[in-house]
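Here the structure comes first, spelled out in C-alpha cells, and everything after it is commentary.
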Amino acid sequence: MHKMSLIEKLEQLFIAAANPEKGIAMSNYMKGLFPFYGIGSVERKAIVREWSADIDLNNRNEFWELIKELWSRDQREYQYAALDLLLKRKTLSYHSEDHYELEWLIRNRSWWDTVDLIASNNLGKYIRLFPEQGKELIEEWRHSGHLWLQRSCLIFQLKYGNDTDRELLTNLIKEFVSQKEFFIQKAIGWSLRQLSKTDPESVKRILKEIPLKGVALREATKYL
13 MHKMSLIEKL EQLFIAAANP EKGIAMSNYM KGLFPFYGIG SVERKAIVRE WSADIDLNNR
73 NEFWELIKEL WSRDQREYQY AALDLLLKRK TLSYHSEDHY ELEWLIRNRS WWDTVDLIAS
133 NNLGKYIRLF PEQGKELIEE WRHSGHLWLQ RSCLIFQLKY GNDTDRELLT NLIKEFVSQK
193 EFFIQKAIGW SLRQLSKTDP ESVKRILKEI PLKGVALREA TKYL
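Residue numbers (the working numbering): 13 to 236.
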C-alpha cells in the first residue's frame, strides 16, 4: 500500500475511535502543546497493531519515510503510532546512519512523552549496536545546548543496568548539574535511580562526588 494510503487508513481508524472530550483532557495534560483525538494507549496500540500488520519495517527508506509522515501530523496519536512502530522494529534492521533520523525525531515536536521513549529505547539500542558512532553522537549532543538532546544523553542508558558506563554518566552529571532546567535535573536523578537498582554503591559514590539537590536528589535516592 502507498505511504499516503497507509496514513489515510490510519486516519480513518483514529477518527472512528476519537473521543473529543478525552482529547481535550489529554491535550491539557500535555500543556496544550498538541491536539489529541482522545484515544487511550491500549486502544491506540491495538489499532496500530492491526493497521501495521502487513507493513515491511525492514526497508530502511520506506520505514523512515512513514515515521516522518506520521511525525508531521497534528494529532499526538500519530507520533505515538510512530513510536509503536519504532519499538516494533527488529534490531537487525538498525543501520549506522539511523542517528540522523533519531536526532530529527528528538528535535521535532519535542516533549518528554516522545523524547524519553526514543532515548531510552531506540537511541540506547543504537549506541549498543554502533558504539563508535554513539560516542561521537553523545559528545556532539552534550555540547549542543539543545534541551532534549542533552536530556537524551543522560537517559539513553536507562535500560543498560550493569552495562552502564559509569564514567560517562558521572561526567555528564558534572556537566549538567548546574543547569536549573527541570527536565535536566529530573534526568540526572532518573539516571541514578535506575543505576541504583543494580549498583547502589556506584550511585552513593557519585552522590558523594557531586552535590545534588531538589528533584535530582529525590529521584537519585529513591531506592537507596
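Yeah, the Cβ is synthetic: ideal placement off N, Cα and C, and Gly gets one too. Being a predicted model, the structure only gives us computed values, none of them experimental.
task = Have a look at E20 and Q145 and give me their C-alpha separation to the nearest angstrom.
result = As a first step, residue 20 is located in the sequence shown; it is residue number 8 there, counting from the start. As a first step, residue 145 is located in the sequence shown; it is residue number 133 there, counting from the start. Using only the alpha carbons, I get a separation of about 36 Å.
task = Starting from F142, trace the alpha helix (DSSP H) both ways and give me its first and last residue.
result = For the purposes of this step, residue 142 is taken as the residue at position 130 of the sequence shown. Careful: F142 lies outside any alpha helix (DSSP H) and carries neither H nor E.
inquiry  = List, from N- to C-terminal side, the alpha helix (DSSP H) runs of 4 residues or more that fit wholly inside the segment 52 to 136.
reply    = Taken in chain order, the complete alpha helix (DSSP H) segments of 4 residues or longer contained in the segment 52 to 136 are 53 to 63, 72 to 84, 88 to 100, 110 to 119, 124 to 129.
Beta-carbon proximity list for N31, same chain, < 6 Å, skipping 5 on both sides = Position 19 of the sequence shown holds residue 31. The residues are G50.
query = By the 10 Å Cβ neighbour count, where 16 or more other Cβ atoms means buried, how is N134 classified, buried or exposed?
reply = Counted from its first residue, the sequence shown places residue 134 at position 122. N134 comes out buried.
task = Inspect the beta-carbon positions of W160 and S122 and report whether they are closer than 8 Å.
result = Here residue 160 is taken as the residue at index 148 of the sequence shown, counted from 1. Here residue 122 is taken as the residue at index 110 of the sequence shown, counted from 1. A contact, by the Cβ cut-off of 8 Å.
key: Enclosing alpha helix (DSSP H) for A30 [first to last residue]   = Position 18 of the sequence shown, counted from the start, is the residue given in the question as residue 30. Segment: none, A30 is in no alpha helix (DSSP H) and carries neither H nor E.
key: Inter-residue Cα distance where the pair is D205 and R72   = Along the sequence shown, one-based indexing puts residue 205 at 193. Along the sequence shown, one-based indexing puts residue 72 at 60. Note that residue 205 is Arg in the sequence shown, not Asp. Going from the Cα of R205 to the Cα of R72 covers about 35 Å.
ask   = Which residue from E213, S53, I222, D175 puts its Cα closest to that of Y92?
value = For the purposes of this step, residue 92 is identified with residue 80 of the sequence shown, where counting begins at 1. Of the candidates E213, S53, I222, D175, the one whose C-alpha sits nearest the C-alpha of Y92 is S53.
ask   = Unbroken alpha helix (DSSP H) runs of length 4 or more, entirely within the segment 189 to 218: which are they?
value = 194 to 208
request  = Could you spell out where the alpha helix (DSSP H) holding S164 opens and where it closes?
outcome  = Locating residue 164 in the sequence shown gives position 152, where the first residue counts as 1. Segment 159 to 167, the alpha helix (DSSP H) holding S164.
message = On the CB-based measure, 16 or more other CB atoms within 10 Å of its CB, does L104 come out buried or exposed?
response = Walking along the sequence shown from the start, residue 104 turns up at place 92. Exposed, because fewer than 16 other Cβ atoms sit within 10 Å of the Cβ of L104.
task = Return the first residue and the last residue of the alpha helix (DSSP H) that L229 is part of.
result = Numbered from its first residue, the sequence shown carries residue 229 at position 217. Looking at the DSSP string, the run of the alpha helix (DSSP H) that includes L229 is 226 to 232.
task = Answer yes or no: do I222 and I167 have a C-beta to C-beta separation smaller than 8 Å?
result = Mapped onto the sequence shown, residue 222 falls at position 210. Mapped onto the sequence shown, residue 167 falls at position 155. Their beta carbons are not under 8 Å apart, which means I222 does not touch I167 by this criterion.
Which of helix, strand or coil DSSP assigns to K220 = Taking the sequence shown and counting its residues from 1, one reaches residue 220 at position 208. K220 falls in the helix class under three-state DSSP.
ask   = Would you say A93 touches the ligand PLP, meaning its beta carbon is less than 7 Å from a heavy atom?
value = Looking for the ligand PLP in the displayed structure turns up nothing, as the structure carries no ligands at all.
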